[in-house]
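Chains as they are written, first to last, in the numbering used here: chain A, 496 to 753; chain B, 224 to 375.
Below, the structure written as structure tokens:
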């Protein structure tokens, strides 16, 4: 009896949470016109969400590309197919690794910061103070952060891909001696603009919306105290990462499943 | 931070992102090759297309001049009808050219090789190539080999 009641309570909690988050998303989108009227707000947020994430994305992309080059070469050379190395590296990066890993790093680097910032604003009653001054906090604080995240994510994922391809080139061509012309031509022949690059771009946009939405919602809905902020930050990273990985499967099966 | 510097770095960030997208489209992908240019359509019927797929290259003397755009089965003849889009720069292919399905490498992807004929008229949009050679299916080849062995 008790177990069923607990299950019911958990169910109600999850569905109210989802409902509240959805209503919050609609409110953000309603207020998003502010970024056209006051672009300064957006620019400042793109700086803290996007520009400050570039370094970690570039470093991660370089290493992932180098690992792909090394592992791909060692696997392909057994079949005498190391000429396809460029294709393997580019396909993996544009389709899967760049959107997913960028979204995971973005959650850890920018998402957690967004949650902590908004949560702290709430705990120190800055959001309430804005409301007192007849300024809508969703419009002034949340909407520019959300739009900045949605804009930054695909740009960061594209940089990840490019740097990763270069990392694969460094290892495959410069270190392991695959021919440079073969590396690039197999890539250009095999990588399709719509199948690989546009689909990877769509993935990164979807992840950007999802991760930023989770981050601003968790911050806005956090309990206004130290423990609440820490819980909200953890929830952003955990829920955001799991949502990205789960969504990635759904998107992949929709795009490439049949 | 100075707001001018901030705006400058954000602008730089957005430019870098767009440049990366452009590079992916043109440098890594195949946007730069054979798209947007004028093409004309030629069809050909094959008994068996093997593993030929849409977007497979169409070559002339080994040089890529087009790609396969559509593959359907002709419901009356039970043969495969393959439509190819050929770069309009190659508009002087003789009408009696042949098309054969070949495989690049031992296990590579299949493509169509055009074999120019000697007609004075040229292939144009909507023409059909009559001389075709189907794909070689490995299983047929092996069974032929075994049957010819048994006869000896």
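Just so you know, even glycine gets a beta-carbon here, dropped at the ideal spot from N, CA and C.
Taking DSSP's pairing of strands, which residues face residue 308 (chain B) in a bridge?
B:264, B:290
Environment of residue 537 (chain A) [buried if 16+ CB atoms lie within 10 Å]:
buried
Under 7 Å between the Cβ atoms of residue 559 (chain A) and residue 592 (chain A)?
yes
Separation of residue 251 (chain B) from residue 628 (chain A), as counted between CA atoms
52 Å
Quick check: the Cα distance between residue 357 (chain B) and residue 271 (chain B), rounded to an integer number of angstroms?
5 Å
In or out: residue 590 (chain A) buried (at least 16 other Cβ within 10 Å) or exposed?
buried
Per DSSP, what kind of secondary structure is residue 712 (chain A) in: helix, strand or coil?
helix
Determine the closest residue to residue 641 (chain A) out of A:529, A:513, A:503, with distance taken between C-alpha atoms.
A:529
Ignore the nearest five residues each way along the sequence and tell me which others in residue 345 (chain B)'s own chain have a CB closer than 7 Å to its CB.
314, 315, 316, 317, 318
Please report the straight-line C-alpha distance between residue 542 (chain A) and residue 748 (chain A), rounded to a whole angstrom.
34 Å
Which residues of chain A have a Cβ atom closer than 7 Å to the Cβ of residue 239 (chain B), listed in chain order?
654
Could you check the C-alpha separation between residue 291 (chain B) and residue 553 (chain A) for me, to the nearest Å?
38 Å
Can you tell me whether DSSP reads residue 613 (chain A) as helix, strand or coil?
helix
Count the other C-beta atoms from every protein chain shown that fall within 10 angstroms of the C-beta of residue 510 (chain A), then say buried if there are 16 or more, exposed otherwise.
exposed
First through last residue of the alpha helix (DSSP H) which encompasses residue 351 (chain B):
Careful: residue 351 (chain B) lies outside any alpha helix (DSSP H), inside the beta strand (DSSP E) at 350-352.
So, does the region 607-618 of chain A touch the region 654-664 of chain A, judging by three or more C-beta pairs under 8 Å?
no
Kindly say whether residue 325 (chain B), judged by its beta-carbon, lies nearer than 7 Å to any beta-carbon of chain A.
no
Against chain B, with Cβ distances strictly below 7 Å, would residue 737 (chain A) count as a contact?
no
Work out the CA separation of residue 735 (chain A) and residue 348 (chain B) for me, nearest whole Å.
53 Å
State yes or no: is the beta carbon of residue 281 (chain B) nearer than 7 Å to at least one beta carbon in chain A?
no
Apply the 10 Å Cβ neighbour rule to residue 717 (chain A) and answer buried if 16 or more other Cβ atoms are within range, or exposed otherwise.
buried
Buried or exposed for residue 656 (chain A), going by 16 or more other Cβ atoms inside 10 Å?
buried
Please confirm whether any heavy atom of the ligand MN lies closer than 6 Å to the CB of residue 348 (chain B).
Annotation note on the ligand MN: not contained in the displayed structure, which lists no ligands.
Please specify which runs of the alpha helix (DSSP H), each continuous and at least 4 residues long, are wholly inside the region 583-650 of chain A, giving them in chain order.
593-601, 607-618, 621-627
CB contact below 7 Å: residue 332 (chain B) versus chain A
no
Terminal residues of the alpha helix (DSSP H) in which residue 237 (chain B) lies:
226-246
If you measure between the beta carbons of residue 678 (chain A) and residue 695 (chain A), is that distance less than 7 Å?
no
Buried or exposed, going by whether 16 or more other CB atoms sit within 10 Å of the CB of residue 587 (chain A)?
buried
For residue 248 (chain B), return the contacting residues in chain A, with the cut-off set at a CB-CB distance below 7 Å.
688, 692
Which word fits residue 235 (chain B), buried or exposed, when buried means at least 16 other C-beta atoms lie within 10 angstroms of its C-beta?
exposed
Residue 606 (chain A) to residue 568 (chain A), Cα distance in whole Å?
35 Å
So, is the C-beta of residue 538 (chain A) closer than 7 Å to a C-beta in chain B?
yes
Going by other Cβ atoms of all chains shown within 10 Å of its Cβ, with 16 needed for buried, is residue 308 (chain B) buried or exposed?
buried
Determine whether the beta carbon atoms of residue 343 (chain B) and residue 273 (chain B) lie at a separation below 7 Å.
no
Just verifying my parser: in three-state terms, what is the DSSP assignment at residue 735 (chain A)?
helix
Output the distance between the C-alpha atoms of residue 366 (chain B) and residue 333 (chain B), rounded to the nearest integer angstrom.
21 Å
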